[in-house]
Amino acid sequence: MPVFNAYVPAGRFSPEQKRALADALNQSLVQGLGIPEGDRFIVISEHSDSELFLDPTFMGMQRSSDAMIITVLLGAHRPLEDKRAVAAAINRLVAEAVGVSPDDIFIALIPVPNESFSFGRGELQLADTAPRW
Numbered sequence: 274m275p276v277f278n279a280y281v282p283a284g285r286f287s288p289e290q291k292r293a294l295a296d297a298l299n300q301s302l303v304q305g306l307g308i309p310e311g312d313r314f315i316v317i318s319e320h321s322d323s324e325l326f327l328d329p330t331f332m333g334m335q336r337s338s339d340a341m342i343i344t345v346l347l348g349a350h351r352p353l354e355d356k357r358a359v360a361a362a363i364n365r366l367v368a369e370a371v372g373v374s375p376d377d378i379f380i381a382l383i384p385v386p387n388e389s390f391s392f393g394r395g396e397l398q399l400a401d402t403a404p405r406w
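Heads up, the sequence shown is in our numbering, so the first residue is 274 and it goes up one at a time.
Written out as structure tokens, the structure is:
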């Protein structure tokens, strides 16, 4: 059920690299949280220099013009260990997939109650059940 939004620099990544980025994000859930591969909901949007702003050195990073922001809507039931695991997996897999520095990947994990997700048909499929993974 996690939903990714990746905000990337315009014109930096080819369609194949965007597919690799999406695959890396999906695999971060599989490897980091044990979520099934079919739980794949990803949006990648490009932004020009006048639309995407990341401080190049905040928190001791050395960000380049490849820097991106990745947000993840994640089930609020996830403990800190899960959040650490998925953030580490996102960083490692994205850096490998598209050849960016680990410093260029800003991640925001956004907790959302499970009952707030609808997978279609206007139904809240997880409203009355415990999380399966």
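Yeah, the Cβ is synthetic: ideal placement off N, Cα and C, and Gly gets one too.
{"Asked": "Cβ contact (3+ pairs, closer than 8 Å) linking the segment 333 to 344 and the segment 279 to 286", "Found": "yes"}
{"Asked": "Of the residues Asp376, Phe331, Ala370 and Ser374, the one placed nearest Arg292, counting alpha carbons only", "Found": "Ala370"}
{"Asked": "Runs of beta strand (DSSP E) lying entirely within the segment 358 to 401, each at least 3 residues, in chain order", "Found": "378 to 385"}
{"Asked": "Limits of the unbroken beta strand (DSSP E) element including Ser318", "Found": "Ile315 to His320"}
{"Asked": "Validate contact between the segment 385 to 393 and the segment 355 to 374 using beta carbons, cut 8 Å, 3 pairs", "Found": "no"}
{"Asked": "Member of Gly307, Ala297, Leu298 and Glu396 whose CA lies at the smallest distance from the CA of Arg351", "Found": "Gly307"}
{"Asked": "Per-residue DSSP class, three states only, for Met332", "Found": "helix"}
{"Asked": "Residue nearest to Ser318 in terms of C-alpha spacing, selected from Gln398, Val303 and Ser287", "Found": "Ser287"}
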